[in-house]
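*Asks:* Here it is, the structure, as structure tokens.
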Amino acid sequence: YPLDEVAGDKDTIMELLQKYLENYYGLEKDVQQFKIMDSSPVIKKIQEMQKFLGLEMTGKLDSSTMEVMHKPRCGVPDVGG
Amino acid sequence: FSTFPGTPKWRKNQVTYRIVNYTQDLSRKAVDSAIEKALKVWEEVTPLTFSRIYEGEADIMVSFAVREHGDFVPFDGPGGVLAHAYAPGPGTNGDAHFDDDEQWTEDTTGTNLFLVAAHELGHSLGLFHSAKPEALMYPVYKPSTNLAGFQLSQDDVDGIQSLYGSPPASSDVPVVPSKPSSPKPGVSAMCDPDLSFDAVSTLRGEILFFKDRHFWRKSLRTPEPGFYSISSFWLSVPSSIDAAYEVISRDTVFIFKGTQFWAIRGHEEQAGYPKSIYTLGLPVTVSKIDAAISDKEKKKTYFFAEDKYWRFDERKRTMEPEFPRKIDEDFPGVGSKVDAAFEAFGFFYFFRGSSQLEFDPNAKKVTHVLKSNSWFNC
Numbered sequence: 159y160p161l162d163e164v165a166g167d168k169d170t171i172m173e174l175l176q177k178y179l180e181n182y183y184g185l186e187k188d189v190q191q192f193k194i195m196d197s198s199p200v201i202k203k204i205q206e207m208q209k210f211l212g213l214e215m216t217g218k219l220d221s222s223t224m225e226v227m228h229k230p231r232c233g234v235p236d237v238g239g
Numbered sequence: 005f006s007t008f009p010g011t012p013k014w015r016k017n018q019v020t021y022r023i024v025n026y027t028q029d030l031s032r033k034a035v036d037s038a039i040e041k042a043l044k045v046w047e048e049v050t051p052l053t054f055s056r057i058y059e060g061e062a063d064i065m066v067s068f069a070v071r072e073h074g075d076f077v078p079f080d081g082p083g084g085v086l087a088h089a090y091a092p093g094p095g096t097n098g099d100a101h102f103d104d105d106e107q108w109t110e111d112t113t114g115t116n117l118f119l120v121a122a123h124e125l126g127h128s129l130g131l132f133h134s135a136k137p138e139a140l141m142y143p144v145y146k147p148s149t150n151l152a153g154f155q156l157s158q159d160d161v162d163g164i165q166s167l168y169g170s171p172p173a174s175s176d177v178p179v180v181p182s183k184p185s186s187p188k189p190g191v192s193a194m195c196d197p198d199l200s201f202d203a204v205s206t207l208r209g210e211i212l213f214f215k216d217r218h219f220w221r222k223s224l225r226t227p228e229p230g231f232y233s234i235s236s237f238w239l240s241v242p243s244s245i246d247a248a249y250e251v252i253s254r255d256t257v258f259i260f261k262g263t264q265f266w267a268i269r270g271h272e273e274q275a276g277y278p279k280s281i282y283t284l285g286l287p288v289t290v291s292k293i294d295a296a297i298s299d300k301e302k303k304k305t306y307f308f309a310e311d312k313y314w315r316f317d318e319r320k321r322t323m324e325p326e327f328p329r330k331i332d333e334d335f336p337g338v339g340s341k342v343d344a345a346f347e348a349f350g351f352f353y354f355f356r357g358s359s360q361l362e363f364d365p366n367a368k369k370v371t372h373v374l375k376s377n378s379w380f381n382c
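Residue numbers (the numbering used here), protein chains in the order written: chain L, 159 to 239; chain R, 5 to 382.
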């Protein structure tokens, strides 16, 4: 689990988040700017992911969300189409 | 549960599969067995049957690959994505690909092939990801799943049966009702005068009555009990359990089947289980527990097996030395064997067949003779 080794490295976390949301929750790949604001598409996608995974919908990368993101999983995206 | 957009499914009940290649991590026999077992999981709850072919194009082509492997959805090396599979259809559709950069194992020391295959083959049959963490189709791999007594969750069963229906009723195929946890069968069965239970336990102020794959959940606040499948609450807990009891001070319910027991806390299955019943200090001559009661006041747990019982000290966490003793000597009127038991309001309730006995442990006598389902207000 590479993230364990770089805990606190914000850029790496953001990179992981972007990849995860792109892969499994249909985040548009041209959304490159990660500005954590309530209206950001990233926040909405984090909430969507948290809802799907049965987590509390904080819209933040809290420890339980990060934990699930680091678990091995199936490669079929969780978005339709 | 959910299905793929457009709800693709096989339009036939006989589906073919082919194992195209093998991983070096396991023997061919182990891979064959894992895939076969994974298909069986779905076969048992649908009218589908699977036949293996060894050449040509099968409906489901199973293969191991690393990185880019010809479908423009490359694998990512060790960890992360374990496998992916395609919805039913021609060509690549229906196929299941396993990332050979994972360490595939028969147990859970690495990545268990059976568990991942059962999930992927769910996709191959038309199921999409489930949002229920207890479901096999939840997207995150759960190595704590009980492999020996593996069962689909009710959500998985509902999902696959929404596509293919229930298995045909025959003497050879186990019949699984399409919605076993719907209230109707539960309600009608719960008032059956011949109803008996596998086990009964309290859980956080409620009473759970276990029977086969299901349990009734009775809250003293509501007149009507709920009816649920065991696997919809605890995926690793087997069906047809032998005994269960709650240790309130530990907020834990212990569930017994054969020589093993599991620990649950609310919805959570506790890590490190199942354990052997012999770790409790029971002799190896005991092959199963019939019933168990934990006395929360005295902090003692009673284990009943055949015509004897043992007493466990919850404070010292040891079996008391002067046991076993005969049930009918210390619990006069209860008889020599019990099916299930639990403690409530200072009384011990013993179940045998369709009968229930209320026993006062202080007065050492039976105070009421009841029907087993008296708690259901039938």
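Glycine included, C-beta positions come from ideal geometry on N, C-alpha and C.
1. Assess, as a yes-or-no matter, whether the region 294-307 of chain R is touched by the region 210-217 of chain R under the definition of 3 or more beta carbon pairs within less than 8 Å.
2. Chain R partners of Asp236/L, CB-CB under 7 Å?
3. Looking only at its chain, what residues have a beta carbon closer than 7 Å to the beta carbon of His271/R, apart from the 5 residues adjacent to it on each side?
4. Within 10 Å of its beta-carbon, does Gln155/R have 16 or more other beta-carbons around it, so buried, or fewer, so exposed?
5. Which runs of the beta strand (DSSP E) spanning at least 3 residues fall entirely within the region 208-280 of chain R, listed in chain order?
6. According to DSSP, simplified to helix, strand and coil, what is Trp46/R?
7. Could you tell me whether any Cβ in chain L is nearer than 8 Å to the Cβ of Glu324/R?
8. Tell me where the beta strand (DSSP E) around His101/R begins and ends.
9. Beta-carbon separation of Glu124/R and Ala152/R under 8 Å?
10. Tell me which residues of the region 56-83 of chain R have at least one Cβ-Cβ distance to chain L shorter than 9 Å, keeping chain order.
11. So what's Asn150/R in DSSP terms, helix, strand or just coil?
12. Tell me which residues share the same chain as Val70/R and place their Cβ nearer than 8 Å to its Cβ, disregarding the 5 neighbours each side in the sequence.
13. Is Lys177/L near Tyr145/R, with beta carbons less than 8 Å apart?
14. Using a cut-off of 9 Å between C-beta atoms, extract the partners of Leu86/R located in chain L.
15. By the DSSP assignment, the alpha helix (DSSP H) with Glu333/R in it spans what residues?
16. Using 8 Å as the limit for Cβ to Cβ distance, is Gly212/L near chain R?
17. Can you pull the chain L residues whose beta carbon is under 9 Å from the beta carbon of Pro172/R, in chain order?
18. Any contact between the region 337-355 of chain R and the region 292-299 of chain R? By contact I mean 3 or more CB pairs, one from each, below 8 Å.
19. Taking CB distances under 8 Å as the criterion, tell me whether Lys136/R reaches chain L.
20. For Asp162/R, does the three-state DSSP call read helix, strand or coil?
21. Step through the CB atoms of chain L and report whether any lies within less than 8 Å of the CB of Ala121/R.
22. Can at least three beta-carbon pairs, one atom from the region 44-60 of chain R and one from the region 208-224 of chain L, be found at a separation below 8 Å?
23. Any chance the CB of Val19/R is under 7 Å from a heavy atom of the ligand ATP?
24. DSSP on Asp80/R, reduced to helix/strand/coil?
25. Do we get a CB-CB distance below 8 Å when we pair His127/R with the residues of chain L?
26. Alpha carbon to alpha carbon, what distance is there between Ala345/R and Asp334/R?
27. So, does the region 41-50 of chain R touch the region 162-170 of chain R, judging by three or more C-beta pairs under 8 Å?
28. Identify, in the order they occur along the chain, each residue of the same chain with its Cβ nearer than 6 Å to the Cβ of Arg22/R, setting aside the five sequence neighbours on each side.
29. If I follow the unbroken beta strand (DSSP E) through Thr305/R, where does it start and stop?
30. Comparing alpha-carbon positions, which option in Phe8/R, Phe316/R and Thr109/R lies nearest Ser31/R?
*Replies:* This is what the structure holds:
1. The count of Cβ pairs closer than 8 Å, one atom from the region 210-217 of chain R and one from the region 294-307 of chain R, stays below three, leaving the stretches out of contact.
2. Against the first sequence, residue 236/L aligns to sequence position 78. Here the neighbours are His133 and Pro143.
3. What you label residue 271/R is simply residue 267 of the second sequence in a count that begins at 1. For His271/R, where only same-chain residues beyond five positions count, the Cβ hits under 7 Å are Phe237.
4. Position 151 of the second sequence, counted from the start, is the residue given in the question as residue 155/R. Buried: at least 16 other Cβ atoms inside 10 Å.
5. 210-215, 218-223, 230-233, 247-251, 256-261 and 264-269
6. Locating residue 46/R in the second sequence gives position 42, where the first residue counts as 1. Helix.
7. Counting from 1 along the second sequence, the entry for residue 324/R is found at position 320. For Glu324/R, the closest Cβ of chain L is not nearer than 8 Å.
8. For the purposes of this step, residue 101/R is taken as residue 97 along the second sequence, with counting starting at 1. Element bounds for His101/R: Ala100 to Asp103.
9. As a working mapping, residue 124/R is identified with position 120 in the second sequence. As a working mapping, residue 152/R is identified with position 148 in the second sequence. Contact flag unset, no.
10. Val77, Phe79, Asp80 and Gly83
11. Counting from one through the second sequence, the residue named residue 150/R turns up at place 146. In this structure, Asn150/R counts as coil in the three-state DSSP scheme.
12. Taking the second sequence and counting its residues from 1, the one referred to as residue 70/R is at position 66. Phe79, Gly81, Asp103, Asp104 and Asp105.
13. The count along the first sequence starts at 1 and reaches residue 177/L at position 19. The count along the second sequence starts at 1 and reaches residue 145/R at position 141. The answer is no: Cβ separation not under 8 Å.
14. Here residue 86/R corresponds to residue number 82 of the second sequence, with the count starting at 1. Chain L residues near Leu86/R: Pro230, Arg231, Cys232 and Gly233.
15. Counted from its first residue, the second sequence places residue 333/R at position 329. Run containing Glu333/R: Ile331 to Asp334, per the alpha helix (DSSP H) assignment.
16. Along the first sequence, read from residue 1 onward, the residue named residue 212/L stands at position 54. Chain R contact via Cβ: present.
17. Stepping through the second sequence from its first residue, residue 172/R is reached at position 168. Contact of Pro172/R with chain L by beta-carbon distance below 9 Å is absent, the smallest such distance being about 30 Å.
18. Between the region 337-355 of chain R and the region 292-299 of chain R there are three or more inter-stretch CB-CB distances shorter than 8 Å, so the stretches are counted as touching.
19. Walking along the second sequence from the start, residue 136/R turns up at place 132. Closer than 8 Å: yes.
20. Reading the second sequence from its first residue, position 158 is the one you call residue 162/R. Correct three-state label for Asp162/R: helix.
21. Counting from 1 along the second sequence, the entry for residue 121/R is found at position 117. With 8 Å as the cut-off, Ala121/R does not count as an interface residue toward chain L.
22. no
23. Absent from the structure shown: the ligand ATP. Ligands present: none.
24. On the second sequence, residue 80/R is found 76 positions in, with the first residue counted as 1. Three-state result, Asp80/R: coil.
25. Position 123 of the second sequence, counted from the first residue, corresponds to residue 127/R. At least one beta carbon of chain L lies nearer than 8 Å to the beta carbon of His127/R.
26. Residue numbering aside, residue 334/R sits at position 330 when the second sequence is read from its first letter. Residue numbering aside, residue 345/R sits at position 341 when the second sequence is read from its first letter. Straight-line Cα distance between these residues: approximately 15 Å.
27. By the Cβ criterion, the region 41-50 of chain R is in contact with the region 162-170 of chain R, since at least three pairs of Cβ atoms, one from each stretch, lie closer than 8 Å.
28. Here the question's residue 22/R lines up with position 18 in the second sequence. Closer than 6 Å at Cβ, skipping near neighbours: Ile57, Ala62 and Met65.
29. Residue numbering aside, residue 305/R sits at position 301 when the second sequence is read from its first letter. Per DSSP, the unbroken beta strand (DSSP E) holding Thr305/R starts and ends at Lys304 to Ala309.
30. For the purposes of this step, residue 31/R is taken as residue 27 along the second sequence, with counting starting at 1. For the residues Phe8/R, Phe316/R and Thr109/R, the minimum Cα distance to Ser31/R belongs to Thr109/R.
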